[in-house]
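Beneath this line is the structure, given in structure tokens, with notes to follow.
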Ligand code: HEM
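In full-length UniProt numbering, the protein residues as written are 1 to 207.
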């Protein structure tokens with residue numbers, strides 16, 4: 001399957017609209033007063049979607065390789081930016097609606113729930129990826145350096161899972177964190193395996 005440019009534009013528009021559905025649902029639930037604990041629901045829902053989009057971003061390359069649908073690569077930037085977008089909403093909910101920008105209160109909360117710090121580190125590492133996602137930044141940095149920088153996502157996703165795991169561990173509810181650990185591990189191991197396979201013939205040639 002190889003979509004024409006206009007089909008690809010339609011696919012991109014569809015993915016863009018689909019990625020906004022969770023936000024639209026949140027806004028709807030908040031404004032119709034359907035939520036019992038809106039703050040907790042928004043924090044959890046945006047956290048979940050950050051993790052889903054991180055996993056989808058990591059899944060693009062394996063899916064492209066396995067299906068040979070090279071055009072999938074063209075969706076990766078958008079999906080990655082949606083991971084950042086939901087992380088920003090998640091962080092803003094914590095900063096603004098949960099703590100009203102009160103730094104002392106936030107630090108107290110982090111001391112009580114250290115898993116928040118892990119989420120914060122993951123979020124900070126996502127910022128350079130979002131900032132350098134434009135074509136102009138790829139040119140400025142040069143392909144190799146840009147690629148190295150964007151490997152930060154291999155750290156961000158496990159940190160996101162650790163953040164989730166740690167939060168749920170306090171509630172003795174590890175089914176979902178285990179599932180996401182397996183998904184992220186599989187996506188990273190596949191990459192390592194392919195990278196090793198690529199290196200092996202080169203080494204054999206040198207020897
Ligand atoms: C890449 C970054 C991040 C990811 C992937 C992420 C993901 C998640 C997930 C999946 C949850 C659990 C949702 C559920 O229970 O279903 C969660 C909860 C939470 N996250 Fe994050 N998070 C990130 C960054 C942050 C940041 C930057 C903060 C704040 C500084 C933060 C604060 C919280 C808090 C306070 C909760 C618990 C909410 C509650 O107890 O109801 N997270 N996060």
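We put the CB at the ideal spot given by N, CA and C, even for glycine. Since we're looking at a predicted model, the values are computed, not measured.
Inter-segment contact for the region 150-167 and the region 123-138 is present: three or more beta-carbon pairs are separated by less than 8 Å. Between residue 81 and residue 13, the CB-CB gap reaches or exceeds 8 Å.
When the Cα atoms are used, residue 114 and residue 91 turn out to be separated by approximately 15 Å.
DSSP, read as helix, strand or coil, puts residue 144 in helix. The Cβ neighbour count for residue 21, taken over all protein chains shown within 10 Å, is under 16; the residue is labelled exposed. In this structure, residue 134 lies away from residue 161, with their beta-carbon atoms at least 8 Å apart. Rounded to whole angstroms, the gap between the alpha carbons of residue 178 and residue 69 is 30 Å. The C-alpha of residue 194 is placed about 31 Å away from the C-alpha of residue 166. Using a 10 angstroms sphere on the CB of residue 45, the tally of other CB atoms reaches 16 or more, which defines it as buried. If you check the C-beta of residue 122 against ligand 1, you find a heavy atom less than 7 Å away.
Closest by C-alpha distance to residue 168, out of 143, 48, 142, 71, is 48. Counting along the chain, the unbroken alpha helix (DSSP H) around residue 29 starts and ends at 5-31. Annotation: the continuous alpha helix (DSSP H) that includes residue 90 extends over 76-92. In terms of Cβ geometry, residue 55 and residue 184 form a close pair [threshold 8 Å]. A direct Cα-Cα distance of roughly 40 Å separates residue 94 from residue 6. Taking C-beta separations shorter than 6 Å and ignoring five residues to either side along the sequence, the partners of residue 77 in its chain run 133, following chain order. Exposed is the label assigned to residue 27, since fewer than 16 other Cβ atoms lie within 10 Å of its Cβ.
According to the DSSP assignment, residue 38 belongs to the alpha helix (DSSP H) that extends over 38-67. Excluding the 5 residues flanking it on each side, residue 121 has same chain C-beta neighbours closer than 8 Å at 159, in chain order.
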